[in-house]
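I have placed the structure first, in the form of structure tokens, so that the comments after it can refer back to it.
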Amino acid sequence: MISIRRIRAVAKKERLQILRDTRSLLLALGIPMLMLFLFGWALKLDVIDVKTVVFDQDRSSASRAFIERFDAVEYFDIVSCIDTYDEVERSLDRGDARAAVVIPKGFSEDIKAGRDVQIQLIADGTDALTAQVFIGYASAIVTDFSQDIISESLSRSGLAGTGRPVNVSVRVWYNPELESKNFIVPGLIAVIMMVIAGLLTSLTVAREWERGTMEQLISTPITVPELVIGKLISYVELGFIDFVLSVLVGTLIFGVPLKGSVILLLVLSVIFMIGAMSLGMFISIVAKKQVMASQMAILATFLPSFLLSGFVFPIATMPLVLQGITFLVSARYFVTILKGIFLKGVGLEVLWIEGLLLCAFTAAMLALSMARFKKELT
Amino acid sequence: MTTEYAIETRGLTRIFDEVRAVDGLDLTVRTGEIFGLIGPDGAGKTTTMRMLAGVMAADGGKARVLGHDVIGDPESVKRDIAYMSQRFGLYEDLTVQENIDFYAELYLVDAEEKKERFDRLMEFSRLSPFTGRLAGKLSGGMKQKLGLACALIHTPKLLLLDEPTNGVDPVSRREFWKILYELLQEGVTIFVSTPYMDEADRCHRVGIMDDGKLLIADTPLGIRERIRLSVIEIFCDDGRRAQKALERVRGVKDVVFFGDKLHVSVKEGVDEDTIRGVLTESNIAFRSVRSIVPSLEDIFFELS
Amino acid sequence: MNGFFERVGCILRKEFIQIFRDKRMRVIIFIPPIVQLIVFGYAANTDVRHVPTAVYDGDKTHVSREFVERFDATEYFDVTHSLMSMDEADALMDSGKVSTVIFIERGFARHITAGDEAEILIVIDGTDSSIASVVLGYVNRIVSDYSVSILVTSIERYRGVLSRSSPPVIYTNLEMTERVWYNEELKSRNFFIPGILGLLLSLIGVMLTSMAIVKEREIGTMEQLIVTPVRSVELIIGKLLPFALIGYIDVVLITAIATLWFRVPFDGSILFLFLATAFFLLPTLGLGLFISTVSKTQQEAMMSTFLYFNPAMLLSGFVFPIESMPAMIRALTVINPVRYMMSVLRGIFLKGTGMAELWPDLLALFLLGVLTVGLSSVRFTKRAK
Numbered sequence: 000m001i002s003i004r005r006i007r008a009v010a011k012k013e014r015l016q017i018l019r020d021t022r023s024l025l026l027a028l029g030i031p032m033l034m035l036f037l038f039g040w041a042l043k044l045d046v047i048d049v050k051t052v053v054f055d056q057d058r059s060s061a062s063r064a065f066i067e068r069f070d071a072v073e074y075f076d077i078v079s080c081i082d083t084y085d086e087v088e089r090s091l092d093r094g095d096a097r098a099a100v101v102i103p104k105g106f107s108e109d110i111k112a113g114r115d116v117q118i119q120l121i122a123d124g125t126d127a128l129t130a131q132v133f134i135g136y137a138s139a140i141v142t143d144f145s146q147d148i149i150s151e152s153l154s155r156s157g158l159a160g161t162g163r164p165v166n167v168s169v170r171v172w173y174n175p176e177l178e179s180k181n182f183i184v185p186g187l188i189a190v191i192m193m194v195i196a197g198l199l200t201s202l203t204v205a206r207e208w209e210r211g212t213m214e215q216l217i218s219t220p221i222t223v224p225e226l227v228i229g230k231l232i233s234y235v236e237l238g239f240i241d242f243v244l245s246v247l248v249g250t251l252i253f254g255v256p257l258k259g260s261v262i263l264l265l266v267l268s269v270i271f272m273i274g275a276m277s278l279g280m281f282i283s284i285v286a287k288k289q290v291m292a293s294q295m296a297i298l299a300t301f302l303p304s305f306l307l308s309g310f311v312f313p314i315a316t317m318p319l320v321l322q323g324i325t326f327l328v329s330a331r332y333f334v335t336i337l338k339g340i341f342l343k344g345v346g347l348e349v350l351w352i353e354g355l356l357l358c359a360f361t362a363a364m365l366a367l368s369m370a371r372f373k374k375e376l377t
Numbered sequence: 000m001t002t003e004y005a006i007e008t009r010g011l012t013r014i015f016d017e018v019r020a021v022d023g024l025d026l027t028v029r030t031g032e033i034f035g036l037i038g039p040d041g042a043g044k045t046t047t048m049r050m051l052a053g054v055m056a057a058d059g060g061k062a063r064v065l066g067h068d069v070i071g072d073p074e075s076v077k078r079d080i081a082y083m084s085q086r087f088g089l090y091e092d093l094t095v096q097e098n099i100d101f102y103a104e105l106y107l108v109d110a111e112e113k114k115e116r117f118d119r120l121m122e123f124s125r126l127s128p129f130t131g132r133l134a135g136k137l138s139g140g141m142k143q144k145l146g147l148a149c150a151l152i153h154t155p156k157l158l159l160l161d162e163p164t165n166g167v168d169p170v171s172r173r174e175f176w177k178i179l180y181e182l183l184q185e186g187v188t189i190f191v192s193t194p195y196m197d198e199a200d201r202c203h204r205v206g207i208m209d210d211g212k213l214l215i216a217d218t219p220l221g222i223r224e225r226i227r228l229s230v231i232e233i234f235c236d237d238g239r240r241a242q243k244a245l246e247r248v249r250g251v252k253d254v255v256f257f258g259d260k261l262h263v264s265v266k267e268g269v270d271e272d273t274i275r276g277v278l279t280e281s282n283i284a285f286r287s288v289r290s291i292v293p294s295l296e297d298i299f300f301e302l303s
Numbered sequence: 000m001n002g003f004f005e006r007v008g009c010i011l012r013k014e015f016i017q018i019f020r021d022k023r024m025r026v027i028i029f030i031p032p033i034v035q036l037i038v039f040g041y042a043a044n045t046d047v048r049h050v051p052t053a054v055y056d057g058d059k060t061h062v063s064r065e066f067v068e069r070f071d072a073t074e075y076f077d078v079t080h081s082l083m084s085m086d087e088a089d090a091l092m093d094s095g096k097v098s099t100v101i102f103i104e105r106g107f108a109r110h111i112t113a114g115d116e117a118e119i120l121i122v123i124d125g126t127d128s129s130i131a132s133v134v135l136g137y138v139n140r141i142v143s144d145y146s147v148s149i150l151v152t153s154i155e156r157y158r159g160v161l162s163r164s165s166p167p168v169i170y171t172n173l174e175m176t177e178r179v180w181y182n183e184e185l186k187s188r189n190f191f192i193p194g195i196l197g198l199l200l201s202l203i204g205v206m207l208t209s210m211a212i213v214k215e216r217e218i219g220t221m222e223q224l225i226v227t228p229v230r231s232v233e234l235i236i237g238k239l240l241p242f243a244l245i246g247y248i249d250v251v252l253i254t255a256i257a258t259l260w261f262r263v264p265f266d267g268s269i270l271f272l273f274l275a276t277a278f279f280l281l282p283t284l285g286l287g288l289f290i291s292t293v294s295k296t297q298q299e300a301m302m303s304t305f306l307y308f309n310p311a312m313l314l315s316g317f318v319f320p321i322e323s324m325p326a327m328i329r330a331l332t333v334i335n336p337v338r339y340m341m342s343v344l345r346g347i348f349l350k351g352t353g354m355a356e357l358w359p360d361l362l363a364l365f366l367l368g369v370l371t372v373g374l375s376s377v378r379f380t381k382r383a384k
């Protein structure tokens, strides 16, 4: 009882409406491009040039050599040498610096005499993540310095032995240069798709109710599946173009590697999109008023895809309740799939679970939308 | 299905938050006639129409449309009817052509027939020069004609029109009714609701609704015969004073302003001379006092 | 000025009734911010702990086991798999079951005791580069500490062997003590939650305001108002005040949940927070107003809000530090009100700073507010004419 003709008619109508709505088009095509550019170029989680002040209470050649080690490294940017503790407080309070290195008086003497020395690092912990990282860097610098002192004194005493007992080689897999963009861009594409899908479709049904065109429409023989599928088709078309564009920008312009199968990528992306858009449509069906639909869309698409998909925040560290909820977020599976295909170059043999769950989500959303939609005025 | 009645309702009811918008409606519309449902805002006309079109569920009662049980199985009627909602229900961001194409596809009209009907519809709706214009940019009258064209692209047997000429200029209104009469020739049944009492007079049969109930349904003439109402029309200078004076007269049921005239509904016993007498006594100058055929509006006020 | 307050009051009353009568509207105002806050509060967590680690111990000596123990003993690493061969590592890393692998070669203990260089190979999953950087830092730290302890032990050993005539072996141990200010436990949550308040305020403020105003235009009641003796300014004020109030309610709500439930520190002054909120609301509502003047339908309003909000959020310093942005983009953030909201909120919550330190941000917010409201009224009156 499903007429392909009617589906095509609805798809055509939606397509025309989408094309004539410049603002939505701008959003659909512009936002992904904007986000990609920002993330690929401007937004870095890499920690470099952390503004640091130094409070050198010793002012010896030894202390200067020590400070030099901080300056030499790209992670720290020494902005000034100050003389009082008050200034340390002020610098951090005002945000002029995020780290302060305090060298105690007697630094040089203590080292020569073989007494233990304590360097103080004061860190602005507001941004916990970057703070952790640069504390780690500082700690490494200090330990290095310490090791050098020890091995120097060992060799002075004529003792054999290496400076470094343990030599660790570290290899980074999948993203060797630790470029944040390589990990961000694939996840970002998932987020963008989810948000666009949700935003665009969340208004489509509510809008027709509010404008009165739905009342007219339901007086015709059109069936619910025809209506839902017809509407979805044009949005999926748009989403797919968006996706291909994003992938092209990500790989060609930002050089994010694409090691896995392109076909698998495209197929899974279509499945994901249908699911995300069905969710948007479901919101539209339930909300009936556009203001309501838009708020619900943010809650149901933007929020989960950004927070709970593993895109920025790792799922493993979340409380169990939230971890459970992430199973319902299709973006989570898509992020894993994207990272897998882009960076790890794996295929279905590893990703089959995610693929399956994605299909399940999509099917469930479609069914829900069709079940909830009633050709009836209340 | 050739039955005598295109629409039959029995005890049709719809309740909104304890308000009985439609209250036990018993209505019949004969096949091939044009039936006008009149009544004030909130009378329940739109709700009735929505239920008959299968876009709103009923809370009680039965209704058969073209032989189908529209309350139990709303989808069964939709192929053979066409519904025009009170609010403009077409897509303002689509052109005239695109809107009609869309509706043609919805009703699965085959290509040849569509072309033929399209040309005819464009011709008698005079929308041909505007096929490429966005529906949102049409005037009120043209919008309604477009709505009608979309409704007719698929040869429905019954038209349900909810206040189709609301806010439309008089010229377009007249053209609209011309189209309706032509459709009658083709055997289409038309069920139209309207707040304009004068349009009701153009229908074969009229039903007057108020507060969810059907007060009376008959031919315009039949109604006037059944509700024996004498109405005297007065053209005078000081309407307010005249109204006050007349209202005190025994046998005068109601005095209503009608533009620059007064309509006085009277019982047996009061006639034009009586009125003239009252006016002269109160020193009110008048230009004419005469009996008129009561309008449906007069009858409505009598009934409610 | 006569009748000004009466007229504004009139509009206010109408707006309030409209907004709060609608049950759905009441829900939208309160539920989404709370839900978003709670989810964010729990999910926004970049603390790196319990990294699943696999170990291939080719040495299987007391020494090598002690080395591995140093990793497992910390809360940063969790040794979850013991590998029999190097190849198993591939599958575990690919599937994401572990993010770190430690390879210890045969002869590790021998090298250590002989004083030779011992080699360790550590593989890190770099997919998530910021986490990988932190992991790298931890790895280096643990290894360095281990190295130092080896050195110290060997020195002690040598000391015992030396005769009195040899020159004394002097060594110092350089230690770093770290003191973390403002967010002592380094909980990323404390960093994000004040930020979330800023984000929610700006998103809801702009979206609700713009859509509510546009809704009236869509339905057509706007024209009716313009005809009455209400002046545009009064109309605008009357329309915006309810949303300002909603903004304040949200601030109170979110701050309460943040401090009481999530135990985010609040070192600043509540009064200052309320004052600062007024400064936030200025450009936020002004922007909502402006969007409403360039949108014909609610849909356009919503899309426009998003077009603004997306870059605004990303360039606000919420997750990505502004200092790390290229100069051109950094310049752009100067006109982003959310950026100032971020630093003010974090300042109040975590640093306990107040007017003395934050006045430049407040000034910027004020200027942006004037700009947006100004632009809007220009467009608004043009329209009405």
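Residue numbers (numbering that gives the first Met the number 0), protein chains in the order written: chain A, 0 to 377; chain B, 0 to 303; chain C, 0 to 384.
Cβ atoms here follow ideal geometry from the backbone N, Cα and C, with glycine treated the same way.
Within the same chain, and ignoring the five residues on either side of aspartate 143/A in sequence, the residues whose Cβ sits closer than 8 Å to its Cβ are Arg68. Ranked by how close their Cα comes to the Cα of leucine 196/C, the residues Arg345/C, Leu274/C, Lys96/C have Arg345/C in first place. When rounded, the separation of the alpha-carbon atoms in glutamate 73/A and serine 94/C is 34 Å.
Assignment of arginine 78/B by DSSP, reduced to helix, strand and coil, places it in the coil class. Distance from the CA of glutamate 112/B to the CA of glutamate 104/B, rounded to the nearest whole angstrom, comes to 12 Å.
The region 361-374 of chain A and the region 273-283 of chain A touch, with three or more beta-carbon pairs separated by less than 8 Å.
At a Cβ-Cβ threshold of 9 Å, lysine 12/A and phenylalanine 101/B count as neighbours. Counting the other CB atoms within 10 Å of its CB gives isoleucine 16/C a total below 16, which places it among the exposed residues.
By the neighbour-count criterion, in which a residue is buried when 16 or more other Cβ atoms sit within 10 angstroms of its Cβ, serine 290/B is exposed.
About 22 Å separates the Cβ atoms of serine 81/C and valine 47/C, ruling out a contact at the 8 Å cut-off.
Not a single C-beta of chain B is nearer than 9 Å to the C-beta of alanine 370/A.
Leucine 307/A places its beta carbon less than 9 Å from that of alanine 42/C. Per the DSSP secondary-structure output, phenylalanine 285/B pairs in a beta bridge with Cys235/B. Not a single C-beta of chain C is nearer than 9 Å to the C-beta of tyrosine 332/A. Membership of lysine 61/B in the beta strand (DSSP E) is indicated by the continuous run 59-64. Sorting Leu179/B, Glu246/B, Ala62/B, Glu17/B by C-alpha distance to the C-alpha of aspartate 25/B places Ala62/B at the top.
The beta carbon of phenylalanine 76/C sits closer than 6 Å to those of Val50, Thr52, Phe70, all from its chain and outside the five residues before and after it, given in chain order. At a cut-off of 9 Å between C-beta atoms, glycine 94/A counts as an interface residue with respect to chain C. Contact residues of the region 136-153 of chain C toward chain A are Gly136, Tyr137, Val138, Asn139, Arg140, Val142, Ser143, Asp144, Tyr145, Ser146, Val147, Ile149, Leu150, Val151, Ser153 (C-beta to C-beta distance below 8 Å). Below the 7 Å Cβ cutoff, chain A contributes Thr125, Asp126, Ala127 as neighbours of phenylalanine 190/C, in chain order.
Note: phenylalanine 65/A is not bridge-paired with any residue in the DSSP secondary-structure output.
By alpha-carbon distance to aspartate 123/A, the top candidate from Ser132/C, Lys96/C, Phe107/C, Val179/C is Val179/C.
Counting only runs of 4+ residues, the alpha helix (DSSP H) found wholly inside the region 169-216 of chain A occupies 179-210, 212-216, in chain order.
Your pair tryptophan 172/A and methionine 92/C checks out as a contact, with CB atoms roughly 6 Å apart and the cut at 8 Å. For aspartate 217/B, the secondary structure class from DSSP, reduced to helix, strand or coil, is strand. The closest CA to that of isoleucine 121/C, considering only Ser98/C, Gly237/C, Phe308/C, Arg105/C, is found on Ser98/C. Beta-bridge partners assigned by DSSP to phenylalanine 299/B: none are found.
Our two residues, aspartate 237/B and glycine 268/B, have alpha carbons roughly 25 Å apart in a direct line. Within the region 49-77 of chain B, Arg49, Ala52, Gly53, Val54, Met55, Ala56, Pro73, Glu74, Lys77 place their CB atoms closer than 8 Å to a CB of chain A, listed in sequence order. Less than 9 Å divides the Cβ of valine 288/B from the Cβ of isoleucine 274/B.
For glycine 221/B, the number of other beta carbons within 10 angstroms of its own is below 16, and it is reported as exposed.
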